[in-house]
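Take the sequence shown: its letters are residues 1 to 656, numbered as in the UniProt record's numbering. In this text, a Cβ means the ideal position worked out from N, Cα and C, and glycines have one as well. Every value quoted in this text rests on a predicted model; they were computed, and no experiment measured them.
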Amino acid sequence: RPLNGPYLTRCMGILFFLRSTAYTISTRFISFHGRCLSKFAPVVTKMTEMKVREGSAEVKLPDSVFYNPVQEFNRDITIAVIRNFLKLHLCEFIDKGMKIAASKNASPEPTTYVGISILEALAASGLRSVRFANEIPFVCKITANDVDPEATKLISENAQRNHVSALVQPTCSDAVSLMLNSTSYADRFNVVDIDPYGTASPFLDSAVQCLYDGGLLCVTSTDMAVLCGATPGTAYGKYGGVAIKMTAQHEQGLRLLLYAIQQAASRHGKVIEPLLSLSIDFYARVFVRVRSSPRGVKHVAAKMALVYSCTGCHAFHLQRLGSALESGKAFSSARGPPVGPMCPECGSPFAVAGPLWADNLHNVPFLHELISTLRKLKPATKTKFTTEALEMVDFSSEFQIPEWLQLAPNLRTSLPEGTFGTLNRLIGMLTVASEELEDCPFYMQVDQLASVIRTSPPKMTELRSAFLNAGYRVSFSHAATASLKTDAPPSFIWDVMCAWKRRVEVAKATAASEPSDSARPSPQKTAEEEEAKTITLEDSGTDDEMRTKRPDVDGRAVVEQKAAKRKSQGKKHPPSEAALRVEATLMERPHNPRVDFTPHPNANPSSRVEGLLRYQLNPLPNWGPKARARSVKKPILTALKEPGNLTATKQPRNHS
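Structure, rendered in C-alpha cells:
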C-alpha cells in the first residue's frame, strides 16, 4: 500500500509504543536483577588469610578459601609410597652400577646419585609440594604447576614461607601441555602426581610420556559415581570400559581406572605395574610404575577381562580377553564365554561390565615393606608444625651405600618424624589391603547376599569359618566393610548362605516354641538351644567394627544400619516377583554337607585381632569432596556495575 499520511502515522505510533514498552521492561529488569545480584553477590573487602598446618608444612591461604581435611590421608599415603619407591629407585641404581662393573670385570666407577624429580601437575596452593620437599629425602627438584597465575604466586609464597624455595619450582602452564613438553629424556620426571577435581582421564596419555622408565605415577579420580556404574556410557567415554552397578562397585572403579592407565601406556609401548590401589572415602587412588616394554604390551590383553554380573543373586564371572603361556613368550586369544545367557544359580540375566584390569591391584612385597616402615614411625604431634621443631632422622642410614656411590651435595638425607596425622588409618587400611586375595578379583557384600534371600546376615567369623572348613581361601576387602573375597565358586557361596538361612529359621522356630518366660536361660537348657537363641538375638550380620554395641578401636562407634534399613524398606516396598523368584530358586538347592560353621582358628585376620583402624567412618559432618571452584561471569549489562549493585565479578579459587 502507498505510505499515505494516516497509515504512516499509525505505523509510527505502533513502533513508538513497542520501543517504549521494551525500554520500560529492560530498565525494570536491570533494576530488579541489579538489586538481587547486589544482595547475593560476594562483596570484595580487604583480603585476609588463614593458616593451615599439616605434617611439617605451614601454608597460608586466602580466608575465603576452605581447607579440606579429608585429603590429608591422600597426602600422607602419597608421601609414604614415594619414600618406599625411593628405596627401590636407589637400590636399582646401585644394582645397575654393579652389573655394569661385573660385565667389564672391573670395580664400579665412582658415580653420583642425583636423586629423584617430582611433578605435581595440579598443585593449587602447593601444600602437597611443600610437604614433599620437607618429608621426602633425596629429592633434587619438585615442579609445582598450576594453570592459574594467582595459584602459582601462592605456591611461591608458601615455598618461601617453609624455606623450600630451592626445591619447589612453581610453573604456570596447562598440565597436559607441560607434560607433553617434558617428554625429552633430560626433562622427564621420576614421580608424577595427578590429583584433579573429577576424572583423571584427560591427563593419563601425557603423564605416561613424561616419566622416566620405571617411574612412579600417582593418580586420583574423584568421579566415583561414574566409576561405580551410575552412568555406564560416561564411564566408557572417559575410561574406555563400561561400569555397572554391582556388589563390588568400588573395586570395579579401581580396575577401570587401572585399565585406562594401561591403555594410555600401551599406545607408547609401555606397561604398568600397580604398587598400591585403594578406594578411599569418595575417590580412587592408585600408584603404578610405568616401564617401557613393547613385548609386554603384546600380552596386556591377558590382564584384562569382561565381567558378567548376575542381576538377581550378584554372582559374577570373568571373561579374560586373552591368555598368555606360563613362559610369557606366547599369547593367544581367550576362549569363552564362561557362562550362558542366564545365571546358573538363580536364572536371572547377566549385566556385562568392562573391559577392565583383572590382574593384581597391589605389589604385595612392596606393600609389606611399606607397612613395616609405617609401624616404626611415631604418630603426629599436633603441637609441632615446623621442620625445626620436629625430630629429624637420617634416612640414608637405612641403606648400605657403597663407597663408589656419592650423593649429590644438594640432596637432603634427613627427614622429620611425626608428620603423619592419619598414621593409624594408614596402617589399618594397608594391612587389610595386604590380606586381600590378589588372585581373586572382586568381592561379595554379605548384607546384599542376605537381602537376596531375606535373612539376617551371619557373623563374619562364622561365615569365614564355613569357607575355610571347606578348604577355600577367604579375606576381607579394604573397599567395603562386610566384604567377602574368596576363591570358592558362586554355587558354594549360595550353599553357605542358604544353609545359614535354614539355620536361622530353625533358631526362630525354637525360640517361638519356648514359653514366654524363657528370656532367662535355665541350667537345664541344652547347648544347641542356647546356640540357636544366640543366632537370633546376637548376630548382627556385619563385622564387629560395624556394631553400635562394640565401637571401633579408635573410639568412634560404627552404626549398624544396613540390615535394619533394608528390613524397614522391605515393609514399605514388598519384594518384586522377580526377587521372590530368585529367592525361591536359590532356596530350592539341596543342602551341601560340606557347609560347616564350626569356628576356624584362622577366621579372624590379623588386622582384626590387633584391633587396627580398618574402616573409618566419616569423622565430621558433610565429609567428602568440596564444591569445584568457580568464577562469577562479568555482567552483560554495564548498569549492574552501578553503586549498590554487583561489586565482585570473580570468586577466589579453591586451593584445598
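Query	Result
Taking only three categories from DSSP, how would you classify Thr481?	strand
Does Asp76 pass the burial test, meaning 16 or more other C-beta atoms within 10 Å, or should it be called exposed?	buried
Please classify Asn602 as buried or exposed, where buried requires at least 16 other C-beta atoms within 10 Å of its C-beta.	exposed
Nearest CA to the CA of Val432: which residue from Gln169, Ser606 and Lys87?	Ser606
For Tyr308, does the three-state DSSP call read helix, strand or coil?	strand
Opposite Trp357 in the DSSP bridges: which residues?	Met304
Return the chain-ordered list of same chain residues with a C-beta closer than 6 Å to the C-beta of Asp487, the five sequence neighbours on each side being excluded.	Cys440, Tyr472 and Arg473
I need the DSSP call for Asp205, collapsed to helix, strand or coil.	helix
I'd like to know whether the C-beta atoms of Leu154 and Gly126 end up nearer to each other than 9 Å.	yes
Please give the ranges of any beta strand (DSSP E) in the stretch 184-235, keeping only runs that are unbroken, at least 3 residues long and fully inside the region.	189-194 and 211-221
Can you tell me whether Asp146 is buried or exposed? The criterion is at least 16 other CB atoms within 10 Å of its CB, across all chains shown.	buried
Could you pull the start and end residues of the beta strand (DSSP E) that Phe331 belongs to?	Phe331 to Ser333
Identify which residue in Thr585, Val52, Arg320 and Cys346 has its Cα closest to the Cα of Arg161.	Val52
Could you tell me the boundaries of the alpha helix (DSSP H) in which Ser513 lies?	Pro490 to Ser513
With a cut-off of 8 Å, do at least 3 Cβ pairs link the stretch 475-483 to the stretch 440-449?	yes
Nearest by alpha-carbon distance to Pro402: which of Asn604, Gly233, Val288 and Cys91 is it?	Cys91
Verify whether the separation of the beta carbon atoms of Glu462 and Pro344 is less than 9 Å.	no
Whole angstroms is fine: what's the gap from Asp552's alpha carbon to Gln249's?	With a pLDDT of 41 at Asp552, under the threshold of 50, the predicted position of this residue should be treated as unreliable, and no value is reported.
Look at the alpha carbon of Phe420 and the alpha carbon of Phe93, and state the distance between them as a whole number of angstroms.	28 Å
I think Leu227 touches Ala243, with their Cβ atoms under 8 Å apart; what is that distance to the nearest whole Å?	6 Å
With a threshold of 7 Å on Cβ separation, who are the neighbours of Ser414 within its own chain once the five nearest residues in sequence on each side are excluded?	Pro137, Met392, Val393, Asp394 and Phe395
Run through the stretch 392-436 for me and flag every whole alpha helix (DSSP H) of 4 or more residues, listed as ranges in chain order.	423-435
Could you name the residues that DSSP lists as bridge partners for Ile280?	Tyr283
Helix, strand or coil for Asp76 per DSSP?	helix
Give the DSSP bridge partners of His317, in chain order.	Tyr308
Measure how close the beta-carbons of Ile272 and Arg289 come, nearest whole angstrom, since I'm counting them as under 8 Å.	7 Å
Leu449: which of Ala315, Ser309, Ala159 and Leu411 sits nearest, CA to CA?	Ala315
What does Leu61 pair with, by DSSP beta-bridge criteria?	Met50
Going by C-alpha distance, which of Leu580, Ala479 and Glu72 is nearest Ala284?	Ala479
State buried or exposed for Lys588, treating a residue as buried only when at least 16 other CB atoms are found within 10 Å of its CB.	Note on residue identity: the sequence assigns Glu, not Lys, to residue 588. So Glu588 counts as exposed.
Below 8 Å, how does it come out for the stretch 189-203 and the stretch 110-120: are there three or more Cβ pairs, yes or no?	yes
Using the beta-carbon count (16 or more within 10 Å), is Met460 buried or exposed?	buried
Thinking C-beta only, is Ala358 closer than 9 Å to Leu318?	yes
Tell me whether Met429 is buried or exposed, calling it buried when 16 or more other Cβ atoms sit within 10 Å of its Cβ.	buried
Give the single residue among Leu217, Thr231 and Asp193 whose Cα lies nearest to the Cα of Asp223.	Thr231
With a cut-off of 8 Å on the beta carbons, I'd call Gly229 and Gln252 a contact; round off their distance for me.	7 Å
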